[in-house]
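Heads up: the structure comes next, in structure tokens.
In the working numbering, the protein residues as written are 14 to 280.
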């Protein structure tokens with residue numbers, strides 16, 4: 014009987030269908046982003062331009078789990094299709110919960126192997142550089158990037174990584190569970206997103222997927238229009254609109270990399 018039950022459990026796991034949903038950010042998620050200091054006024058994307066993407070994914074035992082990401086609203090449906098493909102590929106994701114990424118530091122996974130998308134921050138500099146950040150906004154600051162299993166897929170440069178847990182995964186010639194595969198790269202390529210593992214030069218970001226810089230700039234312009242519209246809605250005075258226009262021109266965000274070009278800065 015135990016053997017029969019085990020087989021039944023395996024069959025149920027294999028038969029579990031992929032499920033997903035897209036929703037505007039609920040009030041509690043907005044509050045969580047603020048409390049975690051991953052969104053604040055001045056970020057290059059408005060909270061109204063972000064979406065909560067809920068997806069089924071496989072854990073490292075092959076079992077279905079429910080994960081969530083905060084992503085740009087323009088990328089939500091395309092990423093929904095990507096995660097459907099990843100589920101069909103049985104690609105395992107270790108941690109994909111909002112609390113894993115945005116919860117209290119003391120309660121986050123100690124292994125640091127957290128996958129996710131949105132985080133309002135500057136692009137991380139290559140491990141080749143002395144600096145740890147750049148002046149350009151990361152694609153994550155727009156919700157236009159996804160990192161998968163950062164321990165198994167490290168950010169490396171000049172033969173080193175800033176994550177000591179990821180050192181043994183710098184050798185990409187031997188595949189281990191959780192490492193990005195050609196099929197995973199193809200899933201993201203199907204929506205026009207590139208892989209940091211294919212960057213030219215010494216720097217590789219094996220966890221990282223994002224669209225071309227030109228697509229990000231279009232999203233920036235849409236986000237700026239939304240933010241200006243919100244400011245004008247709450248204060249219709251001419252002087253306020255003039256101040257907003259001057260602010261938007263001064264604070265126009267820059268994105269790591271030129272059109273269609275990937276740089277040695279993680280995005």
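Virtual Cβ for every residue (Gly too), placed ideally from N, Cα, C.
Span of the beta strand (DSSP E) around residue i
i	result
residue 197	Run containing residue 197: none in the beta strand (DSSP E); it sits in the alpha helix (DSSP H), 195-202.
residue 83	77-85
residue 103	Element bounds for residue 103: n/a, residue is neither H nor E.
residue 59	Note, residue 59: premise wrong, no beta strand (DSSP E); not H, not E.
residue 138	135-138
residue 285	Residue 285 cannot be examined here, being either before or after the span of the chain that is shown, 14 to 280.
Neighbour-count burial assignment, residue i, 16 or more Cβ in a 10 Å radius
i	result
residue 41	exposed
residue 247	Bear in mind that the predicted position of residue 247 carries a pLDDT of just 43, short of 50, making it too unreliable to give a figure here.
residue 123	exposed
residue 183	exposed
residue 37	exposed
residue 211	exposed
residue 188	exposed
residue 148	exposed
residue 54	exposed
residue 200	buried
residue 17	Because residue 17 sits at a pLDDT of 48, beneath the cut-off of 50, its placement in the model cannot be relied upon, and the following sentence gives the value as read from the coordinates. Label assigned to residue 17: exposed.
residue 171	exposed
residue 120	exposed
residue 118	exposed
residue 74	exposed
residue 93	buried
residue 33	buried
Residue nearest to residue i in terms of C-alpha spacing, selected from the options
i	options	result
residue 31	210, 96, 148	96
residue 71	101, 203, 82, 224	101
residue 99	214, 212, 194, 152	194
residue 133	45, 50, 222	50
residue 131	76, 45, 168	45
residue 164	201, 190, 140, 150	190
residue 218	158, 205, 63	158
residue 39	151, 221, 125, 82	82
residue 62	85, 119, 74	85
residue 214	198, 162, 169, 221	169
residue 151	185, 105, 224, 161	224
residue 166	205, 141, 33, 105	105
residue 220	58, 126, 203	126
Beta-bridge pairing of residue i - partner residues as DSSP gives them
i	result
residue 52	Beta-bridge pairing links residue 52 to no other residue.
residue 218	168
residue 160	129, 221
residue 36	65
Residue i - containing alpha helix (DSSP H), residue span
i	result
residue 154	From DSSP, residue 154 is part of no alpha helix (DSSP H); its letter is neither H nor E.
residue 114	111-115
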